[in-house]
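Asker: Protein chains in written order, with full-length UniProt numbering: chain A, 1 to 326; chain B, 1 to 332.
Where is the CB? At the ideal position from N, CA and C, for every residue including glycine.
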Amino acid sequence: MLIFLLRRVMQACFVMIIISLISFAIQDKLGDPVQQMVGMSVSQDERNQIRNELGLNDGFFLQYWRFAKGAIHGDLGTSYYYKEPALDVILEKLPATLELAFCSILLVILVATPCGVLAAIKPKHMLSRLLMIISSIGLSVPIFIVAILMVYIFSIELNMAPSFGRGQTIEIFGLWESGLFTKDGLKHLLLPSLTLAIALMPIFVRLIRAEMMEVLQSEYIRFAWSKGLSARRIYFKHALKNTMLPVITVGGIQAGTLVAYTILTETIFQWPGMGFLFMDAVSRVDTPLVSAYLIVVGGIFVITNTFVDLIYGLVNPTVRLASHGL
Amino acid sequence: MNLLSVSHLHVNFHMKEQELAALIDVSFTLNRGERIAIVGESGAGKSVLGFSIVNLIGKPGYIKSGSIKLENKEITKMNLRQLQEVRGKRIAMIFQDPMMTLNPVLTIGDQLVETIRSHTKISYKDARNIAIEKLHHVQIASPEKRFDQYPHELSGGMRQRVIIASVLLLNPDIIIADEPTTALDVTIQAEILQLLLAICRDNGVALVLISHDLGVVSKVAERTLVMYAGHVVEEGPTLEIINDPQHPYTQGLLNALPQMTLPGQRLNQIRGSMPSLAERPSGCAFHPRCPYATQKCRQEQPRFIYSGVSSVACFLVEDMLNEFADKDKEAS
Numbered sequence: 001m002l003i004f005l006l007r008r009v010m011q012a013c014f015v016m017i018i019i020s021l022i023s024f025a026i027q028d029k030l031g032d033p034v035q036q037m038v039g040m041s042v043s044q045d046e047r048n049q050i051r052n053e054l055g056l057n058d059g060f061f062l063q064y065w066r067f068a069k070g071a072i073h074g075d076l077g078t079s080y081y082y083k084e085p086a087l088d089v090i091l092e093k094l095p096a097t098l099e100l101a102f103c104s105i106l107l108v109i110l111v112a113t114p115c116g117v118l119a120a121i122k123p124k125h126m127l128s129r130l131l132m133i134i135s136s137i138g139l140s141v142p143i144f145i146v147a148i149l150m151v152y153i154f155s156i157e158l159n160m161a162p163s164f165g166r167g168q169t170i171e172i173f174g175l176w177e178s179g180l181f182t183k184d185g186l187k188h189l190l191l192p193s194l195t196l197a198i199a200l201m202p203i204f205v206r207l208i209r210a211e212m213m214e215v216l217q218s219e220y221i222r223f224a225w226s227k228g229l230s231a232r233r234i235y236f237k238h239a240l241k242n243t244m245l246p247v248i249t250v251g252g253i254q255a256g257t258l259v260a261y262t263i264l265t266e267t268i269f270q271w272p273g274m275g276f277l278f279m280d281a282v283s284r285v286d287t288p289l290v291s292a293y294l295i296v297v298g299g300i301f302v303i304t305n306t307f308v309d310l311i312y313g314l315v316n317p318t319v320r321l322a323s324h325g326l
Numbered sequence: 001m002n003l004l005s006v007s008h009l010h011v012n013f014h015m016k017e018q019e020l021a022a023l024i025d026v027s028f029t030l031n032r033g034e035r036i037a038i039v040g041e042s043g044a045g046k047s048v049l050g051f052s053i054v055n056l057i058g059k060p061g062y063i064k065s066g067s068i069k070l071e072n073k074e075i076t077k078m079n080l081r082q083l084q085e086v087r088g089k090r091i092a093m094i095f096q097d098p099m100m101t102l103n104p105v106l107t108i109g110d111q112l113v114e115t116i117r118s119h120t121k122i123s124y125k126d127a128r129n130i131a132i133e134k135l136h137h138v139q140i141a142s143p144e145k146r147f148d149q150y151p152h153e154l155s156g157g158m159r160q161r162v163i164i165a166s167v168l169l170l171n172p173d174i175i176i177a178d179e180p181t182t183a184l185d186v187t188i189q190a191e192i193l194q195l196l197l198a199i200c201r202d203n204g205v206a207l208v209l210i211s212h213d214l215g216v217v218s219k220v221a222e223r224t225l226v227m228y229a230g231h232v233v234e235e236g237p238t239l240e241i242i243n244d245p246q247h248p249y250t251q252g253l254l255n256a257l258p259q260m261t262l263p264g265q266r267l268n269q270i271r272g273s274m275p276s277l278a279e280r281p282s283g284c285a286f287h288p289r290c291p292y293a294t295q296k297c298r299q300e301q302p303r304f305i306y307s308g309v310s311s312v313a314c315f316l317v318e319d320m321l322n323e324f325a326d327k328d329k330e331a332s
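1) Does residue 323 of chain A come within less than 7 Å of chain B when only Cβ atoms are used?
2) Can you pull out the residues from the segment 149-163 of chain B whose beta carbon lies closer than 7 Å to at least one beta carbon of chain A?
3) Which residues in the same chain as residue 86 of chain A place their Cβ atom closer than 6 Å to its Cβ, once the five residues preceding and following it in sequence are excluded?
4) With three or more beta-carbon pairs closer than 8 Å as the criterion, would you say the segment 18-36 of chain B touches the segment 81-91 of chain B?
5) At 4 residues or longer, what runs of the alpha helix (DSSP H) sit wholly inside the segment 142-166 of chain B?
6) What would DSSP say about residue 270 of chain B, mapped onto helix, strand or coil?
7) Anything in chain B within Cβ reach of residue 229 of chain A, meaning under 8 Å, just list it in chain order.
8) Given that residue 171 of chain B touches chain A, what residues does it touch there, using C-beta distances under 9 Å?
9) Is the separation between the beta-carbon of residue 24 of chain B and that of residue 215 of chain B shorter than 7 Å?
10) Going along the chain, which unbroken runs of the alpha helix (DSSP H) with 4 or more residues stay wholly within the segment 71-159 of chain A?
11) Have a look at residue 151 of chain A and residue 179 of chain A and give me their C-alpha separation to the nearest angstrom.
12) Comparing alpha-carbon positions, which option in B:158, B:43, B:205, B:97 lies nearest residue 4 of chain B?
13) Given that a residue counts as buried once 16 or more other Cβ atoms are within 10 Å of its Cβ, and exposed if not, what is residue 72 of chain A?
14) Closer than 8 Å is the cut-off here; do at least three beta carbon pairs connect the segment 302-316 of chain A with the segment 250-258 of chain A?
15) In this structure, does DSSP put residue 59 of chain B in helix, strand or coil?
16) Mind checking if residue 30 of chain B is an interface residue toward chain A, Cβ cutoff 7 Å exclusive?
17) From residue 147 of chain A to residue 192 of chain A, what distance separates their C-alpha atoms?
18) Buried or exposed: which applies to residue 116 of chain A, given that a residue is buried once 16 or more other Cβ atoms fall within 10 Å of its Cβ?
19) In the DSSP assignment, the beta strand (DSSP E) including residue 40 of chain A goes from what residue to what residue?
20) Residue 322 of chain A to residue 103 of chain B, Cα distance in whole Å?
21) Would you decide whether residue 249 of chain B is buried or exposed? Buried here means 16 or more other CB atoms lie within 10 Å of its CB.
22) Starting from the beta carbon of residue 73 of chain A, find every residue of chain B whose beta carbon is closer than 8 Å, and list them in chain order.
23) I want to see whether chain B comes within less than 7 Å of residue 318 of chain A, judged by CB atoms only; does it?
24) For a cutoff of 7 Å on Cβ pairs, would you count residue 56 of chain B as touching chain A?
25) Between residue 217 of chain B and residue 39 of chain B, is the Cβ-Cβ spacing less than 7 Å?
26) Output the boundary residues of the alpha helix (DSSP H) element that contains residue 203 of chain B.
27) Output the boundary residues of the beta strand (DSSP E) element that contains residue 236 of chain B.
28) Residue 236 of chain A versus chain B: which residues are under 7 Å apart at the beta carbon?
29) With 7 Å as the threshold, decide whether the Cβ of residue 3 of chain B is near any Cβ in chain A.
30) Work out the CA separation of residue 279 of chain A and residue 115 of chain B for me, nearest whole Å.
31) How would you label residue 324 of chain A, buried or exposed, when you count the other beta carbons within 10 angstroms and need 16 or more for buried?
32) What does residue 102 of chain B touch in chain A if you count any residue whose Cβ is under 8 Å from its own?
33) Taking C-beta pairs closer than 9 Å, name the residues in chain B that residue 241 of chain A reaches, listed in chain order.
34) Which residues in the same chain have their Cβ closer than 6 Å to the Cβ of residue 122 of chain A, if we skip the five residues on either side of it in sequence?
35) Does DSSP put residue 119 of chain B in a helix, in a strand, or in coil?
36) Run through the segment 200-258 of chain A for me and flag every whole beta strand (DSSP E) of 3 or more residues, listed as ranges in chain order.
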């Protein structure tokens, strides 16, 4: 277990170095930050002076070296726009994004699992066929159309939920601003998390269905039938546990897609999270903020996948043994 | 009353273009504590027959007609809940490949205890005690340790022992063993077979042994059914069938056994191979491979008759019997 974690940390460091290189490399391709910072009246000489002060005229590797030295100490640069450490700006927005992602993942698990199982157990049932049709439509409709439809139906026509912002939030332990504990906050969470969930659900319904159908064909399921177990036990204990192995793996990979989708969802719903901030930072050419965002997201990705591997080990006994053996 | 009686059983496979007959008019009976064997080449319908006894053929197969009676209960008419009461509790099955039969993500103990607990109201602790006792019974060393292990931590022979233990948990009346030793190491085959035989003998459990290995069958079964292309072609006491096979197919099977006494000989084969379900020949299905086939064999399906040694479906035997009968008549 300890060895497994150690190896994971080493892998994570390597991944983070690559990510930081890439995110730093795109910095000077985004545009000229100075142009965004100063007014029209500032002369070319003064602009050059600012560029020198910011170190923008130095060579790439020198700039990267400076950046990396700071990054090790937790300093990812200072945002040009906020005039605050970029990491602090991002971490301030982290709770909003994590809550959004968490709620949509919860929705995906709670809805996709029973749907996939039903579609696998009774493939000829009307409801299963309907599910398959809906999921193929869901796969092909882009997320921003889903989001706009949600806003139109639930917010404008039915007036059930607000279409932008986070609503009322409360502080937990003085460092986490949460919208999960107020009625208003939950109401605001509804549409964005639903949109995000709809984007991911079709893939999971189809994956669970396909995996479950394959598992149901296996010898050990037939043996379970021959032992006279109840159908419920066979489906939900014997089959589902095996079905979930590949689903967990894909789930980890899909975490990346989720991050990409939060940028879109947050922009459409004006959700004050990291994705929204990132879009702003790009349009303001706030390059330290952009690279800090990419690094934080990379970090989240590595952590999520480590968690996924740990969960996989809990479900699959053969993997557990392998990590003991190392 | 017979413990199990199968009569005129027809099993079909429902394919997209056509209906394929996997079992045709199969009948046999099984008494309490009796051990019978079903033999034949791959594709003869042995396994289908084994699985259809507990109505577990699996799509696209289904029982088309005929009856399977467990004492006086008709298995073919049971709903899923009634079937699940019979399966495991009265009729238990051992599958061919122990590597595939146990669920890889559940412990041995889980898989044993759940079998007991889904048929009888009993506490987990009592169920655990029974399970450990049965593991001990099938000669698994340190059963308490094995109880908490996962299938991948056990060898193939060990897993087949676990499966035999799981089959014994509820003291069933019948065990159906579908090639229980085929997937095992030769040295372990004999051990597992001995164990199975001893268990059946000691507890008065009836056994249906499905095998293609006549050597195995001769050691275990009292009666043998020989199957070919979905038909039972010969049925009788195992000793008689091995010493005096009547059906040309049975003779071919026995000829194909390697002889330990004569070195350096080529194995005898039955020429040709088992027809697929879709290409069943007319008349007697064995006629294209039969050295004695006549015009009649190609057109008509032989009846099942008693030859004095065993029951056989073959015109050759039937004609011979008729000849004897005619001579008898003349003599009297």
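Answerer: Quick answer:
1) As a first step, residue 323 of chain A must be located in the first sequence, where it is residue number 323. Low confidence applies to residue 323 of chain A: its pLDDT is 49, below 50, so where it sits in the model is not reliable, and the reading given next is rough at best. Closer than 7 Å: no.
2) 150, 152
3) In the first sequence, the residue the question calls residue 86 of chain A occupies position 86. Taken in chain order, the residues that qualify are 76, 77, 79, 288, 289, 292.
4) With the rule of 3 Cβ pairs closer than 8 Å, the segment 18-36 of chain B does not count as touching the segment 81-91 of chain B.
5) 143-147
6) Here residue 270 of chain B refers to the residue found at position 270 of the second sequence. Of the three classes helix, strand and coil, the one that applies to residue 270 of chain B here is coil, per DSSP.
7) Numbered from its first residue, the first sequence carries residue 229 of chain A at position 229. Ordered by position in chain B, the residues that pass the 8 Å Cβ test against residue 229 of chain A are 84, 88, 114, 115, 118.
8) To locate residue 171 of chain B, count along the second sequence from 1; it is residue 171. Those within 9 Å of residue 171 of chain B in chain A number zero; the least Cβ separation is about 13 Å.
9) Stepping through the second sequence from its first residue, residue 24 of chain B is reached at position 24. Stepping through the second sequence from its first residue, residue 215 of chain B is reached at position 215. It is not a contact, given that the beta carbons lie outside the stated cut-off.
10) 86-121, 126-140, 143-150
11) Within the first sequence, the letter at position 151 stands for residue 151 of chain A. Within the first sequence, the letter at position 179 stands for residue 179 of chain A. Spanning the two alpha carbons is a distance of roughly 20 Å.
12) Counting from 1 along the second sequence, the entry for residue 4 of chain B is found at position 4. Relative to the Cα of residue 4 of chain B, the nearest Cα in the group B:158, B:43, B:205, B:97 belongs to B:205.
13) Counting from one through the first sequence, the residue named residue 72 of chain A turns up at place 72. Flag for residue 72 of chain A reads exposed.
14) yes
15) On the second sequence, position 59 is the one that residue 59 of chain B refers to. Here residue 59 of chain B sits in coil by DSSP.
16) As a first step, residue 30 of chain B is located in the second sequence; it is residue number 30 there, counting from the start. Not an interface residue.
17) The residue you call residue 147 of chain A lines up with position 147 of the first sequence. The residue you call residue 192 of chain A lines up with position 192 of the first sequence. Roughly 8 Å between the two C-alpha positions.
18) Numbered from its first residue, the first sequence carries residue 116 of chain A at position 116. Answer is buried; the Cβ neighbour count reaches 16.
19) Residue numbering aside, residue 40 of chain A sits at position 40 when the first sequence is read from its first letter. Premise fails: residue 40 of chain A is in no beta strand (DSSP E) and is neither H nor E.
20) Translated into the one-based positions of the first sequence, residue 322 of chain A becomes position 322. Translated into the one-based positions of the second sequence, residue 103 of chain B becomes position 103. Model confidence at residue 322 of chain A stands at a pLDDT of 49, short of 50, so the residue's coordinates are unreliable; what they give is reported in the following sentence. Whole-angstrom Cα-Cα distance: 19 Å.
21) Within the second sequence, numbered from 1, the residue matching residue 249 of chain B stands at position 249. Flag for residue 249 of chain B reads buried.
22) In the first sequence, counting from the first residue as 1, residue 73 of chain A sits at position 73. Within chain B, no residue comes near residue 73 of chain A; the closest Cβ sits about 45 Å away, beyond 8 Å.
23) On the first sequence, position 318 is the one that residue 318 of chain A refers to. Yes, residue 318 of chain A counts as interfacial toward chain B.
24) For the purposes of this step, residue 56 of chain B is identified with residue 56 of the second sequence, where counting begins at 1. With 7 Å as the cut-off, residue 56 of chain B counts as an interface residue toward chain A.
25) For this step, residue 217 of chain B is matched to residue 217 along the second sequence. For this step, residue 39 of chain B is matched to residue 39 along the second sequence. A contact, by the Cβ cut-off of 7 Å.
26) Against the second sequence, residue 203 of chain B aligns to sequence position 203. Element bounds for residue 203 of chain B: 186-203.
27) Here residue 236 of chain B is taken as the residue at index 236 of the second sequence, counted from 1. Counting along the chain, the beta strand (DSSP E) containing residue 236 of chain B begins and ends at 231-237.
28) Working through the first sequence from its first residue, we reach residue 236 of chain A at position 236. Chain B residues near residue 236 of chain A: none, gap ~12 Å exceeds 7 Å.
29) On the second sequence, residue 3 of chain B is found 3 positions in, with the first residue counted as 1. Output row for residue 3 of chain B: interface = no.
30) Taking the second sequence and counting its residues from 1, one reaches residue 115 of chain B at position 115. Taking the first sequence and counting its residues from 1, one reaches residue 279 of chain A at position 279. Straight-line Cα distance between these residues: approximately 57 Å.
31) Within the first sequence, the letter at position 324 stands for residue 324 of chain A. In this prediction, residue 324 of chain A scores a pLDDT of 48, lower than 50, which makes its location untrustworthy; the coordinate-derived value is nonetheless stated afterwards. Exposed, because fewer than 16 other Cβ atoms sit within 10 Å of the Cβ of residue 324 of chain A.
32) Here residue 102 of chain B corresponds to residue number 102 of the second sequence, with the count starting at 1. Under the 8 Å cutoff, chain A gives 220, 223.
33) Here residue 241 of chain A is taken as the residue at index 241 of the first sequence, counted from 1. For residue 241 of chain A, the chain B residues whose C-beta falls within less than 9 Å of its own C-beta are 103, 105, 106, listed in chain order.
34) Along the first sequence, one-based indexing puts residue 122 of chain A at 122. So the list reads 128, once near-sequence residues are dropped.
35) By 1-based counting over the second sequence, the position of residue 119 of chain B is 119. The answer is coil: DSSP assigns residue 119 of chain B none of H, G, I, E or B.
36) none
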